[in-house]
Amino acid sequence: MNLHEYQGKEILNSFGVEIQRGIVATTPKEAVEAAKKLTEQTGTGWHVIKAQVHAGGRGKGGGVKLAKNLQEVEDIAGKIIGMDLVTPQTSAEGKRVHQVLVAEDVYYPGDNEPEEYYMSVLLNRSTGRNMIMYSTEGGMDIETVAEETPHLIFTEEIDPAVGLLGFQARRVAFNLGLSGKAFKEMTKFVTALYKAYNESDSSLFEINPVLKTSDDRIIAVDAKVSIDDNALFRHKDYEEMRDKREENPVEVEAKEKGLNYVDLDGNVGCMVNGAGLAMATMDLIKQAGGEPANFLDVGGTADAERVEAAFKLILKDPSVKAILINIFGGIVRCDRVAQGVIDAYKNMGTIHVPIIVRLQGTNADIAKKLIDDSGLDVQSAIEFQEAADKVKEVLS
Ligand code: GDP
Ligand code: MN
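In this note's numbering, the protein residues as written are 16 to 411.
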């Protein structure tokens, strides 16, 4: 589950990570009130108005702007709230902004120039360890840094059973070229950041930029936080942070129905039981010259109700030109699935795309007969290759 910047910062703050403070607003008036309050709390004169959408690169798209007085706060908030923000990470239509974060200006002048770093904490699946990735090149997108100056990206691997050790936190501060107060502040920052990542059961923290202020404080200016969905049951308070407006509506609906659905760009809808078989089916579709329109795992109980729900989800995608149902009858019997497909088809009236059903496993032959005799416009197959050939046929 992805969070908004302001929510990510709330979590960071609750673990003692220093953040750029801010207050969320949904109208220009609220933004002005927020700015006044922030000035009382922090003494800040200037404010930054930041669009809250689940996409990075907001600055480049005009979604992050500095306001030097309350009139500018109101004007800028008025422009950003309600806009469709286009960034390098959104589609061409952009993302509708429903709220802004009014934040204190932390790039104030002082003895030193403020400096931006990059820092993320994530799981390295190949080593089974957590990893802090960081760079002196903050503020720009890390993919560019990785391409142009890979030697400026450092990593620190952390054994999850042992946790982050003191010397590792110091090494981070050292590699970033810090000394004195900033060095100490950075080791504190890294230590708190790792603790926050670990205890919030996150799969990704990306703080870009981490800022060294002109008076050598270390502050999280941005926060991209992803919480591991499988751990959400342990964090009811985070679960409430879910913003469904930011998620794919079909995926949200699928989740509510207990279906495992991921929207993709192709033209062949697929309905499969089991994630492994779903992956293999997607390969099969590609080999047949199609592109999967979705990943859909209906799970162990492929009864009529679930099959119908899955059908409906797939048909919401206008680019679907064919549907391939590939079910292995292990626990569930193929004839029951076939009956489910037939019932769902009948319940839905007419379906205007060709359907190919491949049922393999217990009672596969009975299932094939059921479908062939149903009189519906559904083609059945028992072999994988046979199904692939039929997909090829209907696409050509
Ligand atoms: P992103 O573009 O979506 O990654 O949003 P960020 O939160 O990273 O902000 C983008 C940029 O806005 C930062 O890299 C900073 O250069 C700038 N910015 C953020 N906060 C402040 C601030 O308090 N003062 C000033 N002057 N600039 C800021
Ligand atoms: Mn950023």
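Even glycine gets a Cβ: it sits at the ideal position worked out from N, Cα and C.
Terminal residues of the continuous alpha helix (DSSP H) containing Y360?
Residue range C349 to N362 is occupied by the alpha helix (DSSP H) that includes Y360.
Under 6 Å Cβ to Cβ from V39, same chain only, skipping five residues before and after it: list those, please.
These residues qualify, in order along the chain: Y21, Q114 and L116.
State buried or exposed for V177, treating a residue as buried only when at least 16 other CB atoms are found within 10 Å of its CB.
Exposed, since its Cβ has fewer than 16 Cβ neighbours within 10 Å.
Between N309, G315, G364 and C349, which lies nearest to E338 when the distance is taken from Cα to Cα?
Going by the sequence as given, residue 338 is Ile instead of Glu. Checked all of N309, G315, G364 and C349; the closest Cα to I338 is N309.
Beta-carbon gap between L374 and A353 smaller than 9 Å:
For L374 and A353, yes; Cβs fall inside 9 Å.
Report yes if the C-beta of V240 is less than 8 Å from at least one heavy atom of the ligand MN; otherwise report no.
No - the ligand MN has no heavy atom lying nearer than 8 Å to the Cβ of V240.
Can you confirm whether the segment 226-239 touches the segment 118-127 when touching is taken to mean that 3 or more C-beta pairs between the two stretches lie within less than 8 Å?
With contact defined as three or more Cβ pairs closer than 8 Å, the segment 118-127 and the segment 226-239 are in contact.
Hey, would you say A188 sits closer than 9 Å to T202, going by beta carbons?
Yes, the Cβ-Cβ distance between A188 and T202 is below 9 Å.
At what residues does the alpha helix (DSSP H) containing N28 begin and finish?
N28: member of the alpha helix (DSSP H) spanning E20 to S29, first to last residue.
Measure the Cβ-Cβ separation of V236 and E131 and say whether it is below 9 Å.
V236 is a Cβ neighbour of E131, given a cutoff of 9 Å.
CA nearest to the CA of S135, picked from L219, R144, P165 and E33:
The residue with the shortest Cα to Cα distance from S135 is L219.
Compute the Euclidean distance between the alpha carbons of D90 and A246, then round it to the nearest angstrom.
Rounded to the nearest angstrom, the two C-alpha atoms are 41 Å apart.
Where does the unbroken alpha helix (DSSP H) through L85 begin, and where does it stop?
Residue range L85 to I95 is occupied by the alpha helix (DSSP H) that includes L85.
Coarse secondary structure for N288, derived from DSSP in three states:
Looking at N288 - three-state DSSP - the assignment turns out to be coil, as it is neither helix nor strand.
Who are N275's beta bridge partners in DSSP?
In the DSSP assignment, N275 forms a beta bridge with D312.
Got a sec: does the ligand MN put a non-hydrogen atom nearer than 8 Å to the Cβ of N139?
No - the ligand MN has no heavy atom lying nearer than 8 Å to the Cβ of N139.
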